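Inspection log for the structure reproduced underneath, given as structure tokens.
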Amino acid sequence: MNATRLRAKAAPSTTGGALAGATRGRARNYTQMLGLIHQAAIEVFAADGLAGASTQAIAHKAGLSKAQLHYYIESKEALYRQVLQDIVNDWIGVFGFSDEALGPRKVLTELIQRRMQFSFDHPLRSRIFTAEMMRGAPAIREMMGTSRQRTEQAAAVIRNWAQRGLMDPVDPLLFLFHLWASTQFYADHAAQVAFFRDASMSNEKDRRYLTENVTDFLLKAAGVR
Numbered sequence: 002m003n004a005t006r007l008r009a010k011a012a013p014s015t016t017g018g019a020l021a022g023a024t025r026g027r028a029r030n031y032t033q034m035l036g037l038i039h040q041a042a043i044e045v046f047a048a049d050g051l052a053g054a055s056t057q058a059i060a061h062k063a064g065l066s067k068a069q070l071h072y073y074i075e076s077k078e079a080l081y082r083q084v085l086q087d088i089v090n091d092w093i094g095v096f097g098f099s100d101e102a103l104g105p106r107k108v109l110t111e112l113i114q115r116r117m118q119f120s121f122d123h124p125l126r127s128r129i130f131t132a133e134m135m136r137g138a139p140a141i142r143e144m145m146g147t148s149r150q151r152t153e154q155a156a157a158v159i160r161n162w163a164q165r166g167l168m169d170p171v172d173p174l175l176f177l178f179h180l181w182a183s184t185q186f187y188a189d190h191a192a193q194v195a196f197f198r199d200a201s202m203s204n205e206k207d208r209r210y211l212t213e214n215v216t217d218f219l220l221k222a223a224g225v226r
């Protein structure tokens, strides 16, 4: 996370191992505080968006004063960009394709499972991403070079599978859009799903049922053999 440099503090009157231990302790506490701030920022940005969020709200959520928060961050906007970058990095890791040679049924099934798991476990991150896209993606656009490259690679793999007769000749990019939309729905609209199904999606059996249904729907839609 981007953060301001720690203010210089007088070192304690000690030497050797004691000094090294004190230094490690301060670094550990600093890292832990950044983690608390990061999680607080995710909760506030997901609830209020960038425009509605305030450093006062983030500080309160993290258990800090506003002055203490600004000791660790440059600005609300810089913190927001860091949260977005972390989300993009997570998505690149979660949404990549495995070995093409394994075939569409196995590779797409694993991808859908990872995406659904991410939606279940990190709905706030997904909502921040969606809100950023809905406002035209001004802050995240420059971060998506690697994501675009991976998407083009995935589209090429799908196109190759279709040419080999392993699935229907779908538009690969549109199929990925449908896959993203179907799986992300369970993060962005979790309250709606819970209301109509009268279930919270916190139960592992229920999550497995939803994942199996989404997987079956998408694979059949693409004519996966």
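Position 223 (the sequence shown) corresponds to 224 in this note's numbering; numbering is contiguous. Each residue gets a CB set at the ideal place from its N, CA and C atoms; glycine is no exception. If you're wondering where the values come from, they're calculated on a predicted model, not measured in any experiment.
Residue environment for residue 73: buried (at least 16 other C-beta atoms within 10 angstroms of its C-beta). Listed in chain order, the alpha helix (DSSP H) runs fully inside the stretch 118-150 are 124-135, counting runs of at least 4 residues. Residue 180 is not a Cβ neighbour of residue 211, given a cutoff of 8 Å.
Its Cα nearest to that of residue 82, the residue 142 stands out among 156, 142, 167. Between residue 208 and residue 121 the beta-carbon gap is near 5 Å, inside 8 Å, which marks them as a contact. If you look at residue 214, you'll find it in the alpha helix (DSSP H) that goes 205-222. Following the DSSP letters along the chain, one finds residue 94 inside the alpha helix (DSSP H) bounded by residues 77-95. Here DSSP, grouped into helix, strand and coil, assigns residue 34 to helix.
Take the alpha-carbon of residue 222 and the one of residue 100: they are about 22 Å apart.
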